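One structure is given here, and the rest of the page talks about it.
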Amino acid sequence: MPSVPYGWYAVLRSGELRPGKVVSLHYFGRALIAFRGADGQPAVRDAHCPHYGAHLGVGGKVVDGTVECPFHGWRFDADGRCVKAPFAVRTPKVSIGGYPVREHSGLVFVYAGPGEPSWEVPDIPETTSQEFAQPIDDTCRARIHVQEMRENIVDESHFHFIHGQSEPPVQDLQPDGPFAEVRGRISRRVLGWDIDNTFDAFMYGPGVMVVRTHGPVLSVTAVALTTPIDDRTSELRMLYYIRKPSRLPFLVPALKLVFRAEALGEVREEVRIWDHKIHQPRPVLLPHEKGIKALRRWYAQFYPSDAPAEGLPDLPSPSRSDFSTPLP
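Under this note's numbering, read the sequence shown as residues 3 to 330, first letter to last.
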């Protein structure tokens, strides 16, 4: 699998990119910077100055909506063009590379892929709604491909061993071009209470997923942001928006404490497993484990057309010997 599937990825929360500041980033195997241009809109560009290689995020500063190199004072605008080079008779016609950028839902998105994007990530209304509390923000990194992070939501059997469900959930993945939806149910016991919640997972390309969990006790919208760091490591940033109880809004801090105690430890356990697993192009799947195959078929559209396809034949019901014999 190519390390960077084509699509939109969130690289910052909007509040992390303050006007007049340069933020250093490292995604897609590249050193990057982010800053706001003269119009206040975010720009994400390559980090190194083409003049003599200085890192624009280490000592660089924003001057009149441009980023100024700390070494020799060259300036680059939000489109990456050099607009000033001190002591030069003519401003050099050079640029620093970058990405198409969108900002909404409290996030800064970049598009990684050839040409201009042909689709957009829709607004996520919970991120600005007064009905939801400020999010729990949890970020971790693992030695795993972003596709396998996404496969986690359709891995039916792991819901029993990691998330405490009695049986693997029945799920149905519905693809719609670069979007897909998965519906399911989460049933478990939390602090002595039996919780039975439905969930809807909306996937917007390879890097953004919104999971809405609805229940009588707790309703949460989880914004799952998966972004490649390099060809070996990926980042998972989870933003959990808890709906405020309409008549008891003062319970939000307690609900956050319960959620942190119950959910974040499970995420850490998954990350620990991811950090040591290997990719199986032809996994030995049980008859009820249909989600991984379905997601891989949908996810294949985000790779170059000449990328090798993974073989995922329909599998018969396994016999006892199937568990020790890899697929050819």
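We treat Cβ as the ideally placed atom computed from N, Cα and C, and that holds for glycine. This structure is a prediction, so every number in the text was calculated from the model and none was measured.
With DSSP collapsed to three states, give me the class of Leu238. Strand at Leu238.
By DSSP, does Trp10 sit in helix, in strand, or in coil? For Trp10, the secondary structure class from DSSP, reduced to helix, strand or coil, is strand.
CB Lys86 to CB Arg92, shorter than 8 Å? It is not a contact, given that the beta carbons lie outside the stated cut-off.
Quick check on the burial criterion: 16 or more other C-beta atoms within 10 angstroms. Buried or exposed for Val112? With at least 16 other beta carbons inside 10 angstroms of its own, Val112 counts as buried.
Among Asp233, Ile98 and Glu153, which residue has its Cα nearest to the Cα of Ile294? Selection Asp233, Ile98 and Glu153 evaluated against Ile294 yields Glu153 as nearest (Cα-Cα).
Express the C-alpha separation of Phe204 and Ala211 in angstroms, rounding to a whole number. According to the sequence displayed, residue 211 carries Met and not Ala. When the Cα atoms are used, Met211 and Phe204 turn out to be separated by approximately 6 Å.
In angstroms with no decimal places, state the Cα-to-Cα distance between Phe261 and His53. Rounded to whole angstroms, Phe261 to His53 spans 50 Å at the Cα level.
Out of Phe181, Pro88, Tyr101 and His28, which one is the CA nearest neighbour of Arg299? Taking only the C-alpha atoms, the option nearest Arg299 is Phe181.
Classification of Phe201 by the beta-carbon crowding that lies within 10 angstroms, buried from 16 upward: Classification of Phe201: buried, given that the 10 Å Cβ count is 16 or more.
Quick check on Phe111: does DSSP put it in helix, strand or coil? DSSP places Phe111 in strand when its eight states are reduced to three.
Given this structure, state the Cα-to-Cα distance separating Val13 from Val110, to the nearest angstrom. Cα to Cα, Val13 sits roughly 6 Å from Val110.
Just to confirm my understanding: we take Leu257, look at its own chain, exclude 5 residues before and 5 after, and list those with CB closer than 7 Å. What are they? Its chain contains Leu220 and Ile244 as the residues whose beta carbon lies nearer than 7 Å to that of Leu257, once the 5 sequence neighbours on both sides are disregarded; these appear in chain order.
Which residue wins for smallest C-alpha separation from Gln173, given the options Pro21, His290 and Pro44? Ranking the options by Cα distance to Gln173, first place goes to His290.
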